[in-house]
Amino acid sequence: MKIELMKEHIAQGNLNEKFAELYGKDQIEIQKARYIKALDGYIAEFGNSDNIQIYSVSGRSEISGNHTDHNNGKVIAAAINLDVIAIVTPRNDNIINIKSEGFPKDTVDVTSTKPSESRYFSSYALITGMCDGFESRGYKVGGFDAYTTSNVFKGSGLSSSAAFEVMVGNILNHIYNEGKVDNVEIAKIAQFAENVHFGKKSGLMDQMACAVGGFINIDFKDTANPVIKKIDFDLNKYGYYLYIVNTGGNHADLNDDYSSVPEEMKSVARFLGHEVLRDVKYSDIIENATALREKTGDRAILRAIHYLNENERVEKQVKALENGDIDAFFADVISSGMSSFRFLQNVYTVKNVAEQGLSLALAVSEQLLAGKKAAWRVHGGGFAGTIQAFVPECESENYKKEIEKVFGEGNCIALRVRNDGAIRVI
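Numbering follows the numbering used here, with no gaps: position 92 of the sequence shown is 169.
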């Protein structure tokens, strides 16, 4: 569709039903303006187009299973109504141009996509990684121009990088592979891009939740074929809001902190004769604790204990949600958060102990919500960024007001779960 016709199409309300489905009925007018602004952004960068396509990939919220996926663990996650949208035109050559709002344009030749350490931790590396991953699996790649905009704020624990990776795969899938690459496969390729090209040893949960959509329970015992189970659960039915509190903090210097978590867990597993902790028992750790303390260090053992307990918690929480037992679910949300703080130790970085935004947000949340049938925990990778809180409707206004006194207006965000992950909108 021509770009001006696309703007008219949106302004006249022809995508209202889709916007309601993705974002909620109260967001229709906001999204109409957002999409039209993105089309104007495309024009400013690339000029007019006679073949505009629009794509969306959700962010994700980790519901349970903090730092378990990278050791073949179990998680609960959900796609959310914050997303990356891309305005796209196919090219007839091998050049990919991606201009993300607020960032420099990346230009990638898809015939030259081998990993390079000099490109680590860059959006360029994520693009080359997706192309490399597609080609190595026998899928087609090619050029396109894309203007993207995101309200999955960076460093939020809502997986802005995973959404970006999946977006590149989403575009390649629909333009060059007739939409035949399923979203589970795109998520696996996105993890490859982040691990090999971007230089971050992440697990698969972020990419899978962004790609697949809805509330999902994922068991990564077999990472080549993860077991994905949809959970029929609606927080609104129980009168709760899912809040994400953005505490600020800079993720730029935290890659070593993130990488240390899976590496230390795996060091315990390797000492015990395994590749990952999924094959380790608590008794194995205790019986070998003296040697493990000397070889891997105490923190690695604590992180391994967190992993084993967290896997059990996920199973209990899935059953609680399926049975509508919100009290049992919340009890394990709080237990998960305490384990992350004490054992996993990903609530603040030891590089800068004066900055403890997550610790402060958790403390304030406990003061506000303790005894009120609510729950709170660290959210996502940790060390900086966000916490998560399940807040009863009767407490929601006060919670938002008090939290924003500490972290600023607009930093306490109510989310809804969306059923679609990675899609072509039109």
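Here a beta-carbon is modelled for each residue, glycine too, at the ideal position from N, C-alpha and C. This structure is a prediction, so every number in the text was calculated from the model and none was measured.
> By the 10 Å Cβ neighbour count, where 16 or more other Cβ atoms means buried, how is glutamine 89 classified, buried or exposed?
Replying inline: exposed
> Where do the ends of the beta strand (DSSP E) carrying leucine 492 lie?
Replying inline: 489 to 492
> Do the CB positions of isoleucine 344 and alanine 366 come within less than 7 Å of each other?
Replying inline: With the sequence shown as reference, residue 344 is identified as serine, and isoleucine is not the correct amino acid for it. Result no, Cβ atoms of serine 344 and alanine 366 do not sit closer than 7 Å.
> Is arginine 419 helix, strand or coil by DSSP?
Replying inline: helix
>> Give me the DSSP bridge partner(s) of isoleucine 162.
In response: Ser133 and Thr226
> Under a three-way DSSP split, which group does serine 233 fall into?
Replying inline: Per-residue confidence for serine 233 stands at a pLDDT of 49, beneath the threshold of 50, marking its modelled position as unreliable; the derived number appears in the next sentence. Three-state DSSP puts serine 233 in coil, outside helix and strand.
>> For valine 245, which residues in the same chain have their Cβ closer than 6 Å to its Cβ, ignoring the five residues on either side in sequence?
In response: Ile204 and Met207
>> On a Cα-Cα basis, can you pick out the residue from Asp311, Asn294 and Phe310 that is closest to valine 304?
In response: Asn294
>> Rounded to whole angstroms, what is the Cα-Cα separation between lysine 79 and lysine 95?
In response: 20 Å
> In chain order, which beta strand (DSSP E) runs of at least 3 residues are fully inside the region 235 to 287?
Replying inline: none
> Are three or more beta carbon pairs between the region 143 to 154 and the region 446 to 466 nearer than 8 Å?
Replying inline: yes
>> Using the three-state DSSP reduction, which class does lysine 95 fall into: helix, strand or coil?
In response: helix
> Just how far apart, CA to CA, sit glycine 434 and lysine 257?
Replying inline: 43 Å
>> So, at 7 Å on beta carbons, what are the nonlocal neighbours of cysteine 489 in its own chain, with the 5 sequence-adjacent residues on each side left out?
In response: Tyr320, Val322, Lys477, Ile480 and Glu481
>> Using 8 Å for Cβ pairs, my map puts serine 413 next to arginine 390. What's the rounded Cβ distance?
In response: 6 Å
>> With three or more C-beta pairs closer than 8 Å as the rule, is the region 117 to 126 touching the region 219 to 226?
In response: yes
> Assuming leucine 398 contacts phenylalanine 406 under a Cβ cut-off of 8 Å, what Cβ separation, rounded to an integer in Å, is found between them?
Replying inline: 6 Å
>> Between Ser416, Ser126, Pro192 and Ala288, which has its C-alpha nearest glycine 276's C-alpha?
In response: Pro192
>> Just to confirm before moving on: does the CB-CB distance between valine 289 and alanine 240 stay below 7 Å?
In response: no
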